[in-house]
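**Q** I'd like to ask some things about the structure below.
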Amino acid sequence: MIEDGEEIPLVGGDVTEGLVRVGDTVRRPPGERDELVRDVLLHLEKVGFDGAPRYLGVDSAGREVLTYIDGEVAGRPRPPWIADEERALSLARLLRAYHDAVEGFGIPQNLPAPIEPPGLPELDDPPELIGHQDVTPENVVFRNGRAYALIDFDMLRPVSRAGEVVNLMLWWAPFGEDADLDPQFRGLDQPRRCRLLADAYGLEDPDRSRLIDLAIRRDERSWHTMKYRAEILGGGWQRMWSEGVGDKIRHRQTWLEKNAETITTALLA
Ligand SMILES: Nc1ncnc2c1ncn2[C@@H]1O[C@H](COP(=O)(O)OP(=O)(O)O)[C@@H](O)[C@H]1O
Ligand SMILES: [Mg+2]
């Protein structure tokens with residue numbers, strides 16, 4: 001039985017309006033992929049993966065009910081611990097554990113088409129599992145200085161392991177010029193952190209070789225997709241676009257091209 005109770009707004013995410021905490025649960029308005037999210041969360045529970053909220057059902061208002069996971073989540077301004085190397089590596093291990101747990105779920109046929117602009121070039125990167133695809137600081141719960149759980153499974157989609165490690169590095173190496181990064185993430189040795197993240201994840205050599213090329217091609221698609229989503233969906237997507245996310249992606253691509261060789265050498269050394 002899902003109880004009603006005092007609703008405390010959860011802020012800090014980018015796009016979900018109306019997200020609230022009620023007791024030890026969170027209530028989410030249905031997202032783009034609610035059936036997939038439900039099925040994946042139920043699968044994770046079945047195989048005993050603890051690093052994700054449990055799916056509890058739907059409440060009287062038609063919202064998804066998940067367990068609230070206690071711990072630290074980075075908001076803004078970013079906390080000083082955000083760039084801690086051990087935290088990032090623990091997240092790489094958690095992501096690997098998530099992949100090992102979700103792999104058996106397979107890739108369902110007939111998933112609803114993602115909201116993408118018509119004519120978007122194919123990525124040519126065969127999916128291997130259902131990836132999280134949004135491993136941002138706001139979407140990770142830490143406990144005792146280690147990544148404890150992934151939250152916000154709204155971007156779930158078929159992806160390759162390499163594609164998911166690109167998303168991990170994008171936020172946690174992180175990818176980009178110091179001037180474009182949060183002050184807490186400036187001055188880091190990004191090639192070294194990429195290497196350590198790849199090692200902690202256990203990424204295979206062929207995936208290391210193609211990682212930066214894949215990152216650049218993913219950014220190309222993401223520029224078009226974010227623009228389209230801002231136009232079609234408005235809300236948080238439009239807000240992110242007006243705040244310059246498109247330019248950020250373009251700068252990042254340039255940075256990736258400039259640093260491709262150094263990072264790939266570090267990944268393979
Ligand atoms: N299951 C959960 N356990 C703990 N905190 C949560 C949970 N779900 C959401 N939150 C908190 O609410 C914030 C926004 O939720 P999120 O699901 O990431 O929404 P958005 O889609 O807007 O990014 C998160 O950054 C986190 O602080
Ligand atoms: Mg979020």
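Quick note: the sequence shown, position 236, residue 236 per my numbering, numbers continuous.
Idealized CB from N, CA, C, for every residue including glycine.
For clarity, every value in this text was computed on a predicted model and none was experimentally measured.
Closer than 6 angstroms by C-beta to E72: which residues in its own chain qualify, once you throw out the five before and the five after it? Chain order, please.
**A** Your numbering for residue 72 matches position 72 in the sequence shown. So the qualifying residues of the chain are F142.
**Q** Label G163 either buried or exposed according to how many other C-beta atoms from any shown protein chain fall within 10 Å of its C-beta, with 16 as the threshold for buried.
**A** Here residue 163 is taken as the residue at index 163 of the sequence shown, counted from 1. Buried.
**Q** Would you mind listing the beta strand (DSSP E) stretches within the region 159–196 that are 3+ residues and don't spill past its ends, in chain order?
**A** For the region 159–196, not a single whole beta strand (DSSP E) run of length 3 or above is found.
**Q** Taking only runs that begin and end inside the region 81–144, name each unbroken alpha helix (DSSP H) of 4 or more residues, in chain order.
**A** Whole alpha helix (DSSP H) segments, 4+ residues: 85–102.
**Q** Quick one: grab the DSSP three-state call for P9.
**A** If you number the sequence shown from 1, residue 9 lands on position 9. If DSSP states are grouped into helix, strand and coil, P9 belongs with the strands.
**Q** Evaluate the contact criterion for the region 112–128 versus the region 213–230: three or more CB pairs, one atom per stretch, below 8 angstroms.
**A** Result yes; three or more Cβ-Cβ pairs closer than 8 angstroms.
**Q** Do N138 and ligand 1 come close, with the Cβ less than 6 angstroms from some heavy atom?
**A** As a first step, residue 138 must be located in the sequence shown, where it is residue number 138. Note that residue 138 is Glu in the sequence shown, not Asn. For ligand 1, at least one heavy atom lies less than 6 angstroms from the Cβ of E138.
**Q** Which residue or residues does DSSP assign as beta-bridge partners of V26?
**A** Residue numbering aside, residue 26 sits at position 26 when the sequence shown is read from its first letter. DSSP, once it has assigned bridges, lists R21 and L66 as partnering V26.
**Q** Assign E261 to one of two classes, buried (16 or more other C-beta atoms within 10 Å of its C-beta) or exposed (fewer than that).
**A** What you label residue 261 is simply residue 261 of the sequence shown in a count that begins at 1. Exposed is the call here.
**Q** What is the DSSP secondary structure of L56, counted as helix, strand or coil?
**A** One-based indexing of the sequence shown puts residue 56 at position 56. Correct three-state label for L56: strand.
**Q** Should D24 be counted as a contact of ligand 1 given a C-beta to heavy atom distance under 6 angstroms?
**A** Residue 24 sits at position 24 when you count from the first residue of the sequence shown. Flag unset: Cβ of D24 not near ligand 1.
**Q** Does DSSP put E231 in a helix, a strand or coil?
**A** Here residue 231 corresponds to residue number 231 of the sequence shown, with the count starting at 1. Looking at E231 - three-state DSSP - the assignment turns out to be helix.
**Q** Which residues does DSSP pair with E72 in a beta bridge?
**A** Against the sequence shown, residue 72 aligns to sequence position 72. F142, per the DSSP bridge assignment.
**Q** What's the gap between the Cα of G187 and the Cα of D178?
**A** Residue numbering aside, residue 187 sits at position 187 when the sequence shown is read from its first letter. Residue numbering aside, residue 178 sits at position 178 when the sequence shown is read from its first letter. Approximately 7 angstroms, taken between the alpha carbons.
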